Amino acid sequence: MLHFFQPVFLAGLLLTGIPVVLHLFTRQRYAQVPFSSLMFLRTARRRSMRSVTLHHLLALLCRVSGVALITLSFAMPLARGKPWGAGASRASTAVFIIMDNSMSMRWRSRGATTYDRAKEFAGGIIGDAAGGEEIFITFLCGKNAGRVYSTAGSGNAAAMKVLRGSGPDYCDNDLSTALKDAVRKLSASTATERKIVIAGDVQKNAFRFKPLPRPGFPVTAMIVDASGGTPRENLTVAPAPSPGSLILGVPAPLCFEVRGSGGARATLSLIVDGVNRGERTAGPRSGGSGRVCFSVTLAKPGVHHGEARLAPDALEADNRWYFRLEAREALRTLVAAGRDAAENPASDAYYIVRAFRAANAAGPGFQWVRASLRSAAELPYVPLREYDAAVLPSDAGVDLKGLKRLRDFVTRGGGALVFTRGGDPSAKSIAETLFPAGAGIRTRPAAQGEGAPGAGDRFIRVETLARDHPIFSHLGEGLAELMTARFSGAGSVSAAGPGARILATLQGGEPLIVESRLGRGTVLLVSRGMNPRQTSLALQPVFVPWLIGACRHVGGTGTRHGGAFQYGADFSVAFDKRIGEEIELRAPGGGVRVPLAAVDGERKKFTLSDERAAVAPGIYEIAASATGRRLDAAAVNHAPEEGSLERASESALRKKMPGFNVVLVPWRWGKDEAVDVVFAREYTPLLPLLIFAATLALLLDTRLSNRR
Amino acid sequence: MIEKTRYLSPDILEKISRMELRARTVVEGLLTGLHRSRGRGFNVEFLEHREYTPGDDLRHVDWKLYAKSDRYFVKQHEEETSLQARILLDSSASMRFGSNAAGETKLDYASVLAVAIAYLFLKQGDAVGFLSFDSSPIVTIEPRNAREHLYRILAAIEGGTGGGETAVARSLENLASQLKRRSFVVLISDLLEETAPVTRTLMLMKRSGHDVAVFHVMDEAELTFPYSRSSRFTDMETRRAMTVEPAAVRRQYIRNLRKFIGGYTDFCRQAGIDFSATSTSTPVEKTLMEFLSRRELRKRR
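Chains as they are written, first to last, in the numbering used here: chain A, 1 to 708; chain B, 1 to 301.
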């Protein structure tokens, strides 16, 4: 049987039509010769017509066959067995099959997964193996990863059984190790034809290893692309920032990002605690991503689990995103002020606390805030992780230690709403501690007598507002009221850099509200205090919804409520060192128990790497290993690279495998063809012959032309 | 008839002069080389005696010698010079074919040959007539033996038009019907027409007692067919065209041509007709020389 390594070049056979078309449609230009008489030519012509036609046909045949042979030589034909009638027989062939059973092999097209096709192909090799041929088979993932099965040892049937029982699994598919195993096995083989067959989907991820050492003996590495080479249809789902904290009974958005190369559309379903909470159609534009948001209302407090499921899609491995939700009964807000300050009408805390009370008077809902008063001196010692947001009044007087604590809180996903005032001595420390260097916050030193009672401060109004921002967008008609508020002419911030976003400015262009991200959290800096000496806003009705909106914004923009992580990435587990036990990751059914670490701290950072095969994406419990006490829950998701399918280029494959005769078997081939290739004696024996034949054909054509 | 103006045209006169000069050169050179150019006959000067054989005319018996030797001898004389010759020149379109660098056509060659022969006859005192033809007679000049008669023939040749299809057989038939006494008929043609009618007419003439000589004039390109490119050949007489691969047909063409010439050669030999196949690349004097030599040889036999 004849096969081609580069069948795409067979399209070049269409070029053979060119000589035919030229032959048929090109009008030959004849010299016009007046001649005395045609009487001797007539009979001569009749007799010579046959030979002329024969010459023409021969020349045409030469040209057509010349073009065809050159095209065929590019298509790289090969013949099975012993094309030249000599050489080694099939019995001296050793084949080492590496089955890539990574999760990307679950990519489904035309009713079968890539792994189904790879299995069929490998099964064909084993089934076609005759006595005396050595077949080895190994797997990259799953329980059989790293084990080598040999037909010489256990027979073809046993190898087939192992193959049939295998399936795609999560793993770090270490192809380089498998290849080294293959070289080691084959080097010990006495077979004259030694071949390695990698049955996979030729993903770039699988070939991210250092170039292998040269094998030291002739070996052909056939990389069978069973994927069809079209993972571009793949869609993947990942979390997207979702504003707002989850509070019991309050609808909150939960957003996801669907990525893909476009064209495909799928349905994204949200499942929380096993209940389907809605479906949305997702179909990203080409090369882009689409944001899909659900509105979630949780009725029970505590931790909830769920998943966003994308279907249908060709590759299921990256179609689910598991998450962990923690529903709060209210927005838990820490106000850094003592009780005295909360009762002092000259203090910011007085107005802030009363605004929270006014909001809570309406019952559970958007405004529901549980505020805790803690003096600035207590700040370094308060367990901040229990809060969603921290509010610093302008007269709180937080020291540097407290500010650093607050910075850690924000960095881990908390939020801070910080009020300062003109002449505030701590304004500079606040700007330097709670804002990254790139924010470029510049504070203004207090002028002489500025801020003192009766100093004759002038008042200015708001000039610009970012009306679409969440701290303003919910105000509606209240925005007009906000615009009428008066503010002291002396503020704490003179300018902000490109790393910060100015949400409101006062007349003269001075920033009033500046927002910046710090780690996973958000900081809002207001350059005026919230007391009647600094602003009339504290006395206006719009102050209540604005303050609640601002707290909710800073307390909910982080990803803390997601509680999910990706395999291979760092994640932190918070636990109390008093547990006195090792902690472990447990599957809900109890089948998987992965020890994480011994107890030695409050928050421990972990990375799941070696346990990949055991820890498939899903919701896991974090529990004390000895008592089994449940400490927390973790949502484990697919690794980032598992969602980005990208084929490795042929040149990259060759670079990774120097000294190997690398042959990429096209996915279009059926099992029989591919198996033929495996047992082919030579891969390019016909190439030189074809080039020679093409040259001969063209030379013959030239010779015929000259004869005429 | 030749028009007087055309006859006196300076161009024609110039050409005539050149042709006459060439013909004279050819003939004078020939005569110098041929010492016994005259034929043998019974009607002029005594040449020699021959022993009487039964059937000889008794009038030619030399009775005086009989009286002296008591044996019968017959007197032989030089041939009669008052011969009437007719030169037939083929002026058809095919005769206008020429391939040499000088642009000389078969007709040019044949014309010089015709004038040279005419000059030869006139120099011997024979009467020469001329007929130019293609598909029909173009110019007919009755035989005369005056030296000035050559100029009429020259003018007729130069002024002749022609250019139609060849009709040798018909022209010979016409001439045969006009000839009242035995004549020497010289046909100069490429004979490119059907062979059978021509040979039949030639045979008829020969049987009528006329002495016939045929000059078959061909161009070198016709003989060798030296073309290489695929060409469209147009028949100069019929204007019909034919696309031919020269390389493919050359061998067969030459074979056909040789068969054609061979057929005429065989026929003429059997019929006692002088047949001279020549090409335009052969000098006229050589062609004429060979013709005369052959003729002399035949008479000696």
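Here a beta-carbon is modelled for each residue, glycine too, at the ideal position from N, C-alpha and C. Quick caveat: nothing in here was measured; it's all calculated off a predicted structure.
Fill in: CB-CB length for residue 136 of chain A against residue 226 of chain A, believed under 8 Å
Indexing the first sequence from 1 puts residue 136 of chain A at position 136. Indexing the first sequence from 1 puts residue 226 of chain A at position 226. With 8 Å as the limit, residue 136 of chain A and residue 226 of chain A do not qualify as a contact, their Cβ atoms being about 19 Å apart.
Item to complete: With 8 Å as the threshold, decide whether the Cβ of residue 253 of chain B is near any Cβ in chain A.
Response: Your numbering for residue 253 of chain B matches position 253 in the second sequence. True, the Cβ-Cβ gap to chain A drops below 8 Å.
Worksheet item: If you measure from the beta carbon of residue 713 of chain A to each beta carbon in chain B, is any gap under 8 Å?
Response: The question about residue 713 of chain A has no answer here: the residues shown for chain A are numbered 1 through 708.
Worksheet item: At least one CB of chain A closer than 8 Å to the CB of residue 94 of chain B: is that the case?
Response: One-based indexing of the second sequence puts residue 94 of chain B at position 94. Closer than 8 Å: yes.
Discussion item. I believe residue 442 of chain A touches residue 494 of chain A by the beta-carbon criterion, under 8 Å. Please report the beta-carbon distance rounded to the nearest angstrom.
Written reply: One-based indexing of the first sequence puts residue 442 of chain A at position 442. One-based indexing of the first sequence puts residue 494 of chain A at position 494. So it is a contact: roughly 5 Å between Cβ atoms.
Discussion item. Using a Cβ-Cβ cutoff of 9 Å, what residues of the region 9 to 37 of chain A are near chain B? List them in chain order.
Written reply: 28, 29, 30, 31, 32, 33, 34, 35, 36, 37
Practice prompt. If I'm right that residue 554 of chain A touches residue 522 of chain A with Cβ under 8 Å, what's the distance once you round it to whole angstroms?
Written response: Here residue 554 of chain A corresponds to residue number 554 of the first sequence, with the count starting at 1. Here residue 522 of chain A corresponds to residue number 522 of the first sequence, with the count starting at 1. Rounded, the Cβ-Cβ distance is 5 Å, consistent with contact.
Worksheet entry | chain A contacts made by the region 234 to 245 of chain B, where a contact means CB separation under 9 Å | 234, 235, 236, 237, 238, 240, 241, 242, 243, 244, 245
Practice prompt. Could you list which residues in chain A have their beta carbon closer than 7 Å to that of residue 248 of chain B, in chain order?
Written response: The count along the second sequence starts at 1 and reaches residue 248 of chain B at position 248. By Cβ distance, chain A contributes 48, 51, 52.
Fill in: Best match in A:188, A:49, A:141 for proximity to residue 134 of chain A [C-alpha to C-alpha]
Residue numbering aside, residue 134 of chain A sits at position 134 when the first sequence is read from its first letter. Among A:188, A:49, A:141, the Cα nearest to that of residue 134 of chain A belongs to A:188.
Discussion item. Distance cutoff 8 Å, beta carbons only. Does residue 190 of chain B sit that close to anything in chain A?
Written reply: Counted from its first residue, the second sequence places residue 190 of chain B at position 190. Cβ-Cβ to chain A under 8 Å: yes for residue 190 of chain B.
Item to complete: Please list the residues of the region 163 to 177 of chain B that have a C-beta atom closer than 8 Å to any C-beta atom in chain A, keeping them in chain order.
Response: none
Fill in: alpha helix (DSSP H) segment containing residue 469 of chain A, residue limits
Indexing the first sequence from 1 puts residue 469 of chain A at position 469. Taken as a continuous stretch (DSSP letters only), residue 469 of chain A belongs to no alpha helix (DSSP H), as it is neither H nor E.
Item to complete: Please list the partners that residue 227 of chain B has in chain A, where partner means a Cβ-to-Cβ separation under 7 Å.
Response: For the purposes of this step, residue 227 of chain B is taken as the residue at position 227 of the second sequence. Under the 7 Å cutoff, chain A gives 33.
Discussion item. Considering only their Cβ atoms, is the gap separating residue 435 of chain A from residue 377 of chain A smaller than 8 Å?
Written reply: Translated into the one-based positions of the first sequence, residue 377 of chain A becomes position 377. Translated into the one-based positions of the first sequence, residue 435 of chain A becomes position 435. Cβ distance not < 8 Å, so residue 377 of chain A and residue 435 of chain A don't count as in contact.
Worksheet item: Is any beta-carbon of chain A found at less than 8 Å from that of residue 220 of chain B?
Response: For this step, residue 220 of chain B is matched to residue 220 along the second sequence. Not an interface residue.
Worksheet item: Checking contacts by CB at 8 Å: is residue 4 of chain A closer than that to chain B?
Response: Position 4 of the first sequence, counted from the first residue, corresponds to residue 4 of chain A. Not closer than 8 Å to any Cβ of chain B, the Cβ of residue 4 of chain A fails to qualify, so no.
Discussion item. Which residue marks the beginning of the alpha helix (DSSP H) containing residue 111 of chain B, and which one marks its end?
Written reply: In the second sequence, counting from the first residue as 1, residue 111 of chain B sits at position 111. Run containing residue 111 of chain B: 106 to 123, per the alpha helix (DSSP H) assignment.
Discussion item. Within the continuous alpha helix (DSSP H) that includes residue 246 of chain B, where are the two ends?
Written reply: Reading the second sequence from its first residue, position 246 is the one you call residue 246 of chain B. 246 to 271 is the span of the alpha helix (DSSP H), which, as asked, contains residue 246 of chain B.
Practice prompt. Select from B:100, B:58, B:50, B:69 the residue whose C-alpha is nearest the C-alpha of residue 221 of chain B.
Written response: Indexing the second sequence from 1 puts residue 221 of chain B at position 221. Residue B:100 is the option with its Cα nearest to residue 221 of chain B.
Discussion item. What does the alpha-carbon distance come out to for the pair residue 216 of chain B and residue 112 of chain B?
Written reply: Position 216 of the second sequence, counted from the first residue, corresponds to residue 216 of chain B. Position 112 of the second sequence, counted from the first residue, corresponds to residue 112 of chain B. For residue 216 of chain B and residue 112 of chain B, the distance between alpha carbons rounds to 14 Å.
Worksheet item: Ends of the beta strand (DSSP E) at residue 321 of chain A?
Response: On the first sequence, residue 321 of chain A is found 321 positions in, with the first residue counted as 1. From DSSP, the beta strand (DSSP E) with residue 321 of chain A extends over 320 to 327.
Worksheet item: Of all the CB atoms in chain B, is at least one closer than 8 Å to the CB of residue 700 of chain A?
Response: In the first sequence, residue 700 of chain A corresponds to position 700, counting from 1. Chain B, which has no Cβ nearer than 8 Å to the Cβ of residue 700 of chain A, makes this no.
Worksheet item: Do you know whose CA, among B:212, B:250, B:276, lies nearest residue 262 of chain B's CA?
Response: Residue 262 of chain B sits at position 262 when you count from the first residue of the second sequence. Nearest C-alpha to residue 262 of chain B: B:276.
Fill in: Three-way DSSP call (helix, strand, coil) for residue 664 of chain A in this model
Start at 1 with the first residue of the first sequence, and residue 664 of chain A comes out as number 664. Strand.
Worksheet entry | Rounded C-alpha distance that separates residue 190 of chain B from residue 286 of chain B | Counting from 1 along the second sequence, the entry for residue 190 of chain B is found at position 190. Counting from 1 along the second sequence, the entry for residue 286 of chain B is found at position 286. Distance between the alpha carbons of residue 190 of chain B and residue 286 of chain B is about 18 Å.
Worksheet item: Using CA coordinates, which residue listed in B:170, B:132, B:168 is at the minimum distance from residue 160 of chain B?
Response: What you label residue 160 of chain B is simply residue 160 of the second sequence in a count that begins at 1. Closest by alpha carbon: B:132.
Worksheet entry | residue 120 of chain B versus residue 208 of chain B - alpha carbon distance | Translated into positions along the second sequence, residue 120 of chain B becomes position 120. Translated into positions along the second sequence, residue 208 of chain B becomes position 208. When rounded, the distance between both Cα atoms is 24 Å.
Worksheet item: Nearest-angstrom Cα distance between residue 92 of chain B and residue 65 of chain B?
Response: Taking the second sequence and counting its residues from 1, one reaches residue 92 of chain B at position 92. Taking the second sequence and counting its residues from 1, one reaches residue 65 of chain B at position 65. Distance between the alpha carbons of residue 92 of chain B and residue 65 of chain B: 57 Å.
Fill in: Span separating the alpha-carbon of residue 614 of chain A from that of residue 293 of chain A
For the purposes of this step, residue 614 of chain A is identified with residue 614 of the first sequence, where counting begins at 1. For the purposes of this step, residue 293 of chain A is identified with residue 293 of the first sequence, where counting begins at 1. Approximately 31 Å between the Cα atoms of the pair.
Fill in: Alpha-carbon spacing of residue 260 of chain A relative to residue 340 of chain A, whole angstroms
The residue given as residue 260 of chain A occupies position 260 in the first sequence. The residue given as residue 340 of chain A occupies position 340 in the first sequence. Whole-angstrom Cα-Cα distance: 57 Å.
Fill in: Rounded Cβ spacing between residue 219 of chain B and residue 184 of chain B (contact assumed at less than 8 Å)
Along the second sequence, read from residue 1 onward, the residue named residue 219 of chain B stands at position 219. Along the second sequence, read from residue 1 onward, the residue named residue 184 of chain B stands at position 184. The pair is not a contact, with the Cβ atoms about 27 Å apart (cut-off 8 Å).
Discussion item. Ignoring anything shorter than 3 residues, give me the beta strand (DSSP E) runs that lie fully in the region 48 to 134 of chain A, in order along the chain.
Written reply: 77 to 79, 93 to 99
Discussion item. What would DSSP say about residue 66 of chain B, mapped onto helix, strand or coil?
Written reply: As a first step, residue 66 of chain B must be located in the second sequence, where it is residue number 66. Residue 66 of chain B: helix per DSSP, three-state reduction.
Practice prompt. Give me whichever residues DSSP pairs with residue 269 of chain A in a beta bridge.
Written response: Your numbering for residue 269 of chain A matches position 269 in the first sequence. Residue 269 of chain A is bridged to A:279, A:309.
Item to complete: Compare the C-beta of residue 130 of chain B with all C-beta atoms of chain E and state if any pair is closer than 8 Å.
Response: Among the chains of the structure shown, chain E does not appear; the protein chains present are A and B.
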